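S.K.: Following this message is one structure expressed as structure tokens.
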Amino acid sequence: MPAVPASDQPAPRSGRWLPLLVLLIGLALTAAFAAWSWQRERSEELARFDRRVDRFAQMLGSRVQSYIDTLPGLRVFDASNANLSDAAFSQYVEAISLQRRFPGLALTFVAERLRGDELAGFVRSVREDRSRRADGHPGFDVRPPGQRAQHMVIRHVQPADDGAFGYDLYDPTQSYRADVDAALRDGGYVATGPILLARDRFGPKSPERTSVVIRAATYRTVLVPDSAQERERLAEGVVGIAFRTAELVRSAIPPGLEGYLHLHIDDQRAIVAGQPAEVFDSTWLDPQARASSAGPQRRLSLNVADRQWEIVVSLREGAVPHTPDASNAMALLLGVLLSASLAAMTRTLVQAAANEARKVHEATEQLQAEKRSVEQSERRYRMLFENSLDAVLRTRPDGSVLAANPAACALFGHSEAELMKLGRDGLIDPADSRVAELLDQRERTGRAQGQVRMLRADGRHFEAEVSANAYVDVDGQSTNSLIVRDVTERERTAARQAQLTAILDATPDFVGSADPQGRLNFLNRAARRMLGIAETDALPELDFAYCHPAWAAQTIVDVGVPAALRSGVWAGQTAIACADGRELPVSQVIICLRDAQGRITSLATVARDLSDLHAALAQQHALEARLLEAQKMESIGTLAGGVAHDFNNVLAAILGNLSIARDDLGTAHPVQQHLAMVQQAATRARSLVQQILAFSRRLPQERMVQPLAPLVSEALALLRATLPASVQLEAHLSEQPLAAEVDAGQVQQVVLNLCNNAWQALPGQIGRIGVHLDAVSIAAGDEAAGSTPPGRYARLSVVDDGSGMDEATRARIFEPFFTTKPVGQGTGLGLAVVHGIVAASGGSIAVHSRRGLGTRIDVHLPLRDSAGSAPVAATGTDAAQRGRGEHVLLADDDDVVGLTLQALLERAGYRVTRVDSGIAAIDTVSRAPRGHDLVVTDFNMPGLSGLSVAEQLAEIAPGLPVIITSGYVTEELLERARELGVRAVLLKEHSLERLTRAVHESLAATSADGDPPAGISRA
């Protein structure tokens, strides 16, 4: 049926604006509600803030006024007692409980006004006042000393204050006199600006000590004289109180608002006078209490005696004024979602209406087109049906035949009428099980394709390929179109070809064929794999000789093919050129195939891989050598690990106790020199253990920027003990600090392997080996440096005067298991290991050698800044890393090591509990899970290892930091310790330099964030 052309009528546009309008209206209503809700919350918050500020201001004013209200009684008390004694003043103050009733009140005092000629008698009377003290005040004097016309001396002060007692308020070095005289003249209360009391001037400066003093004049009469002249004439002195402003404000802040409000108070008169004016700021009590720039703010004024304070109240930065109302946010979200949902629903309805209209229009157009094409299709179908070369049958679902074309009549040997009478079932072999599957497939999908056995008129069976399609005929009934092809011969040929191909593909041998011109036309699976041709790819235009290297192709062209042409077959040994560049040795047969007339039809070849046979013996020898080397290295590693653990315990005890002994003895003690020599020898022994562990690969790699000369020197020192006396070892090491980023053990292994190779190359093991270390600059194209890129390098050269190498040997010396030594005298791994270490360190190797003239091997390592070299181990405990009495649990089964570590930790300021096993450590922590700040445990202990202790402690006391010490450290130990959250893993022989630092860092990390660090420290 022809396709119906798409309609040119556009889809209806009416109503397309409606979803957008609904969305906009919903969002507008939601936004209006959100704005109203926000404004309401803002108004409530401002009102809440104002109420809290008013409450604070009322409380602060009440507190200040209560201070001032103490002055009238104090003034009357002083005026009523002409000769006021210390005992009477003290009893008065204690009777009215000033300090207890008024928080922040710093002192209460009485000062007497004196003429200069009255000063001596005044001092004498004070010294003889024994009302409170049996000896009076023998040391009393007026401060500051000096003759003045008038004095205003503080006679009584409570509580006792040596800084204020005897102080002259007319001190010419201070500005107090103006305020005192103003109090005398005016008769009222006079306050100072923010000041430091006399007792606070010489102590540590702190804003919290800021005070304000309020004074009132005393007269000879109880009542204040009316005129200024009378007040000046009758004035006898002043009384006063002093209070600390920080305590005042703290007591006035309502409970719960300390973390909410930020307060700042200034003295306005002090600002005008250019004097210190800050009375209080919230940062005095909390350095983090900064004012928020976005919140509300209020300014208030408070009269304090004759002064005025300006108070600025605002929100603290980060303060949450109240719990946000989640209902507003939820309402806003629901409003947006509802608006979007209504708009989506409207859009869906509009689109559905438009789609229905479009479908009606398209259906009408389609019916009209179908009606026009029915007659045309019927004519075309009839023409194709009658002239098709394939057999075509029209059938009903029940199997009846409606029509058959001439090709069907010829195929089955029946006329069309006979076929219609037989029906479909009379043409198909009923024993064929495939028929039911095809019928089921047609019922499900409307079409089916496959093969079945069918019957001819003479009763013979044939294999047929059937294609069936179901459709509705013009009369409205279901009809099937059945196309039948005879594929009997094709199936036989395909079966034979598939069987032959399967056999050829199953063989691992190379099988191929070519036409008489030598062009390949078949390759089996093994041949395609060798030549790199995919099984699904077509064969390119390749010549028969393409499969072989040049020498083998020449053999085939000159010998193999001519012999096959003469005798029909040729056999010989050649090679296949594989896609990966290998030459595969093969045993090959070439066969010449001819037809009945003797003409050549094709050339076939079969080649069998001989590489396994060739490599079998070499592989066997290599495996034997590798097994021997692995067993030897495993034995060395096991022995080195066991010796290192025990020996490092001894070294840790020796070095630790030496350090303690040297610290206890004076630096000038005569034994110090001998102890220093012992310590140097123990350090050397520790270095030797590290070298042995590195050589036996028992220590993990640790690349760092470090000088090369000490590493080379230590390796040579170890090597001298193994070389025979007939070998002369010479070292020429540069004095420059040549540093590279390397692993110390690997560098020493490079030196040992190169020198060992040089030694074995000496004829009769007699000769000279030279080791050189210097700095070189390599330019681009420098042939002497080989493939080394341009730059600055440290060059390590090992030179021998041995037998040297030819070019072929030199090209293979870095191949694993390649060796020129007899069986049993080498593994072929030494130089391969050197090459791997140097390459991993970013360096390169250049080899210079000639047969009979010796060998020089240059190792180039990129130079690094020596400032990044390894840190020098500390010889003592840094004072900044001393403990503060933290409780450390120490577990070590070696009493000597345990006592040494305990002494080191206790001398560093820690409190140590020592146990002798992991089980005891677990029991100790179980009894008091919070009684310890850190655990230091040995790794290798009977019962429980250090890792088992760390694992159980993580369950008993989560978060308790653990440090593990061990005689040797492996990558497996570090990885497992990292999984368990262990803070650090220490080598025992480094306990002296690194234990206290590791303990300090672990405790500092725990107190900083409460979580273990992301990585583990390997000290």
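Position 578 (the sequence shown) corresponds to 615 in our numbering; numbering is contiguous.
Beta carbons are placed, not taken as given, at the ideal position from N, Cα and C, and that holds for glycine.
Fair warning: this is a prediction, and the values are worked out from it, not measured in the lab.
Taking the C-alpha atoms as reference points, what is the distance between I959 and L1040?
M.R.: Reading the sequence shown from its first residue, position 922 is the one you call residue 959. Reading the sequence shown from its first residue, position 1003 is the one you call residue 1040. Computed Cα separation, rounded: 20 angstroms.
S.K.: Rounded to the nearest angstrom, what separates C615 and Q591 at their Cα positions?
M.R.: In the sequence shown, residue 615 corresponds to position 578, counting from 1. In the sequence shown, residue 591 corresponds to position 554, counting from 1. Straight-line Cα distance between these residues: approximately 17 angstroms.
S.K.: Counting Cβ pairs closer than 8 angstroms, one from the stretch 304-311 and one from the stretch 225-234, do we hit at least three?
M.R.: Output reads yes: the stretch 225-234 touches the stretch 304-311.
S.K.: Compare the C-alpha of F449 against each of E474, E399, S470 and I520 and name the closest.
M.R.: As a working note, residue 449 is residue 412 in the sequence shown. Closest option to F449, Cα to Cα, is I520.
S.K.: Can you tell me the Cα-Cα spacing of R533 and P599, whole angstroms?
M.R.: Taking the first residue of the sequence shown as position 1, residue 533 is located at position 496. Taking the first residue of the sequence shown as position 1, residue 599 is located at position 562. Cα-Cα distance, rounded: 31 angstroms.
S.K.: At a cut-off of 7 angstroms, would you count A501 as near the ligand HEM, judging by its Cβ distance to the nearest heavy atom?
M.R.: Although the ligand HEM was asked about, the structure shown includes no ligands whatsoever.
S.K.: For the stretch 199-270, list the beta strand (DSSP E) runs that are entirely contained and at least 3 residues long, ordered along the chain.
M.R.: Those beta strand (DSSP E) runs which fall completely within the stretch 199-270 and span 3+ residues are 226-228 and 248-256.
S.K.: Could you round the C-beta distance between R1020 and V999 to whole angstroms and report it? I think they count as a contact, below 8 angstroms.
M.R.: Along the sequence shown, one-based indexing puts residue 1020 at 983. Along the sequence shown, one-based indexing puts residue 999 at 962. Rounded, the Cβ-Cβ distance is 6 angstroms, consistent with contact.
S.K.: How many Å lie between R344 and D216 at the Cα?
M.R.: For the purposes of this step, residue 344 is taken as residue 307 along the sequence shown, with counting starting at 1. For the purposes of this step, residue 216 is taken as residue 179 along the sequence shown, with counting starting at 1. Going by the C-alpha atoms only, they are around 12 angstroms apart.
S.K.: Could you check the C-alpha separation between Q325 and G141 for me, to the nearest Å?
M.R.: For the purposes of this step, residue 325 is identified with residue 288 of the sequence shown, where counting begins at 1. For the purposes of this step, residue 141 is identified with residue 104 of the sequence shown, where counting begins at 1. Approximately 23 angstroms between the Cα atoms of the pair.
S.K.: For D263, which residues of its own chain have a beta-carbon under 6 angstroms away from its beta-carbon, when the five flanking residues on both sides are left out?
M.R.: Start at 1 with the first residue of the sequence shown, and residue 263 comes out as number 226. Contacts found: none.
S.K.: If you drop the 5 nearest sequence neighbours on each side, which residues of the same chain put their C-beta closer than 6 angstroms to that of R484?
M.R.: Taking the first residue of the sequence shown as position 1, residue 484 is located at position 447. Taken in chain order, the residues that qualify are N506.
S.K.: Hey, would you say A812 sits closer than 8 angstroms to L753, going by beta carbons?
M.R.: Locating residue 812 in the sequence shown gives position 775, counting from the first residue. Locating residue 753 in the sequence shown gives position 716, counting from the first residue. No, they are not a contact pair.
S.K.: Do I1001 and G980 have their C-beta atoms closer together than 8 angstroms?
M.R.: Taking the first residue of the sequence shown as position 1, residue 1001 is located at position 964. Taking the first residue of the sequence shown as position 1, residue 980 is located at position 943. The answer is no: Cβ separation not under 8 angstroms.
S.K.: Put D975 into one of helix, strand or coil per three-state DSSP.
M.R.: Position 938 of the sequence shown holds residue 975. Strand at D975.
S.K.: I need the boundaries of the alpha helix (DSSP H) containing P467, first residue and last residue.
M.R.: To locate residue 467, count along the sequence shown from 1; it is residue 430. First-last for P467: undefined, no H or E at that position.
S.K.: Using only CA atoms, which one of S452, F976, P899 and I894 lies nearest to V934?
M.R.: On the sequence shown, residue 934 is found 897 positions in, with the first residue counted as 1. Ranking S452, F976, P899 and I894 by Cα distance to V934 puts F976 first.
S.K.: Is it right to say S878 is buried, meaning 16 or more other beta carbons lie within 10 angstroms of its own, or is it exposed?
M.R.: Taking the sequence shown and counting its residues from 1, the one referred to as residue 878 is at position 841. So S878 ends up on the buried side.
S.K.: Sort A722, G200, A116 and A746 by Cα distance to H809 and report the nearest one.
M.R.: Working through the sequence shown from its first residue, we reach residue 809 at position 772. If we check each option's Cα against that of H809, A746 comes out closest.
S.K.: Helix or strand or just coil, what does DSSP make of N120?
M.R.: Mapped onto the sequence shown, residue 120 falls at position 83. DSSP places N120 in coil when its eight states are reduced to three.
S.K.: Out of H585, E578, I540 and D953, which has the shortest C-alpha to C-alpha gap to Q554?
M.R.: Walking along the sequence shown from the start, residue 554 turns up at place 517. Comparing Cα positions, the closest option is E578.
S.K.: How about D837 and G889: do their beta carbons lie closer than 8 angstroms?
M.R.: In the sequence shown, residue 837 corresponds to position 800, counting from 1. In the sequence shown, residue 889 corresponds to position 852, counting from 1. No, these two residues do not count as a Cβ contact at 8 angstroms.
S.K.: Secondary structure at S1039, three-state DSSP: helix, strand or coil?
M.R.: Start at 1 with the first residue of the sequence shown, and residue 1039 comes out as number 1002. Three-state result, S1039: helix.
S.K.: Using a Cβ distance threshold of 8 angstroms, determine whether the stretch 542-560 contacts the stretch 568-577, with at least three qualifying pairs required.
M.R.: The answer is yes - the stretch 568-577 touches the stretch 542-560, with three or more Cβ pairs under 8 angstroms.
S.K.: Can you give, in chain order, each stretch of the alpha helix (DSSP H) that sits fully within the stretch 141-171 and has at least 4 residues?
M.R.: Counting whole runs of 4 or more residues, the stretch 141-171 contains the alpha helix (DSSP H) stretches 156-164.
S.K.: One question on the structure: do V350 and Q334 come within less than 8 angstroms of each other, judged by their Cβ atoms?
M.R.: Counting from 1 along the sequence shown, the entry for residue 350 is found at position 313. Counting from 1 along the sequence shown, the entry for residue 334 is found at position 297. It is a contact, given that the beta carbons lie within the stated cut-off.
S.K.: Measure the C-alpha to C-alpha separation of D466 and T516 and round it to an integer number of angstroms.
M.R.: As a position in the sequence shown, residue 466 is number 429, starting the count at 1. As a position in the sequence shown, residue 516 is number 479, starting the count at 1. Distance between the alpha carbons of D466 and T516: 22 angstroms.
S.K.: Should the stretch 153-163 be called in touch with the stretch 276-285, which here means at least 3 C-beta pairs below 8 angstroms?
M.R.: With the cut-off at 8 angstroms, the stretch 153-163 and the stretch 276-285 do not touch.
S.K.: Counting Cβ pairs, one atom from each stretch, are 3 or more of them under 8 angstroms apart for the stretch 82-96 and the stretch 282-300?
M.R.: With the cut-off at 8 angstroms, the stretch 82-96 and the stretch 282-300 touch.
S.K.: Quick one: using the 10 Å Cβ neighbour count with 16 as the cut-off for buried, is L650 buried or exposed?
M.R.: Residue 650 sits at position 613 when you count from the first residue of the sequence shown. Burial call: exposed.
S.K.: Taking only the alpha-carbon atoms, compute the straight-line gap between S771 and Y830 and give it to the nearest angstrom.
M.R.: The sequence position of residue 771 within the sequence shown is 734, counting from 1. The sequence position of residue 830 within the sequence shown is 793, counting from 1. One C-alpha to the other measures close to 13 angstroms.
S.K.: Does DSSP classify M96 as helix, strand or coil?
M.R.: For the purposes of this step, residue 96 is identified with residue 59 of the sequence shown, where counting begins at 1. Three-state result, M96: helix.
S.K.: In chain order, what residues of the same chain have a beta carbon less than 6 angstroms from the beta carbon of R847, not counting five sequence neighbours either side?
M.R.: Within the sequence shown, the letter at position 810 stands for residue 847. For R847, where only same-chain residues beyond five positions count, the Cβ hits under 6 angstroms are V884 and S886.
S.K.: Given A380, which residues of its chain have a CB within under 8 angstroms of its CB, disregarding the five upstream and five downstream residues?
M.R.: As a working mapping, residue 380 is identified with position 343 in the sequence shown. P56, L57, V59, L60 and G63.
S.K.: Grab the span of the beta strand (DSSP E) containing D462 for me, first residue to last.
M.R.: Here the question's residue 462 lines up with position 425 in the sequence shown. D462 -> no beta strand (DSSP E), and no H or E assigned at all.
S.K.: In three-state DSSP terms, what is P443?
M.R.: In the sequence shown, residue 443 corresponds to position 406, counting from 1. The answer is helix: DSSP assigns P443 an H, G or I state.
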